[in-house]
Ligand SMILES: N[C@@H](CCC(=O)N[C@@H](CS)C(=O)NCC(=O)O)C(=O)O
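Numbering (my numbering), first residue to last: 69 to 263.
So, in structure tokens, the structure goes:
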């Protein structure tokens, strides 16, 4: 399998899950500005949507969209603890969390990377984002085992400092993020992405 990734993006979530599950893979770094890999491959030929992450299976099939890649990877090692069994209520809760991160959190934080946008627009975006982050802060279950949604949440919360936000404004999320950063698989994924 090949994971097409770029540092400081949502591709970190897939990278973490590959490491958590111990799945053999090759990580291919994409320059998200030029859409080229280090050896000159055009990422648009892999994922015409132009995004990372993209996962290329050994049979050449390409899987995209963060929540789908995460669930695909988990399906290769079901029962490894990163997702409850399909059909269980807990599984639906996991899908709710993945969808919430993918639709309510990821795009709203990503928007704040547009530092040259008018401050009024950015402020409006921050206000909407903060409501979602407050919800997470108030509902975070620190006893819940690390799962696919944890990998995705970790990646997105990691952008806060890059967009000028201080995660410590949300003490429970901040503590969770710091503790999650200590997971060996997370350390390996981060090291691979910054090598
Ligand atoms: N819906 C896609 C979004 C992926 C996405 O937003 N990727 C960003 C990095 S986090 C990206 O590669 N952006 C590059 C671009 O838009 O040109 C998914 O869930 O995978």
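Where is the CB? At the ideal position from N, CA and C, for every residue including glycine.
Buried or exposed: residue 217, going by 16 or more other Cβ atoms within 10 Å of its Cβ? Burial call: buried.
C-alpha gap between residue 128 and residue 141, whole angstroms: 15 Å
What is the DSSP secondary structure of residue 224, counted as helix, strand or coil? helix
For residue 234 and residue 166, what's the separation of their Cα atoms in angstroms? 23 Å
Smallest Cα separation from residue 111: which of 92, 132 and 148? 132
Alpha-carbon to alpha-carbon, residue 192 and residue 199: 11 Å
Which word fits residue 335, buried or exposed, when buried means at least 16 other C-beta atoms lie within 10 angstroms of its C-beta? The displayed coordinates of the chain run from 69 to 263. Any statement about residue 335 would go beyond what the structure contains.
Using a 10 Å radius around the Cβ and a threshold of 16 neighbouring Cβ atoms, would you call residue 237 buried or exposed? exposed
For ligand 1, which residues count as neighbours when the test is a C-beta closer than 5 Å to any heavy atom? That query returns the following residues: 77, 78, 100, 118, 119, 120, 133 and 134.
Beta strand (DSSP E) containing residue 70: first to last residue? 70-73
Could you tell me which residues DSSP puts in a beta bridge with residue 123? Residue 123 is bridged to 71 and 131.
For residue 102, does the three-state DSSP call read helix, strand or coil? coil
With distances taken from CA atoms, which of 211, 80, 91 and 231 is nearest residue 184? Nearest to residue 184 by alpha-carbon distance, out of 211, 80, 91 and 231, is 231.
May I ask you to verify whether the segment 246-263 touches the segment 99-108, counting CB pairs closer than 8 Å and requiring at least 3? no
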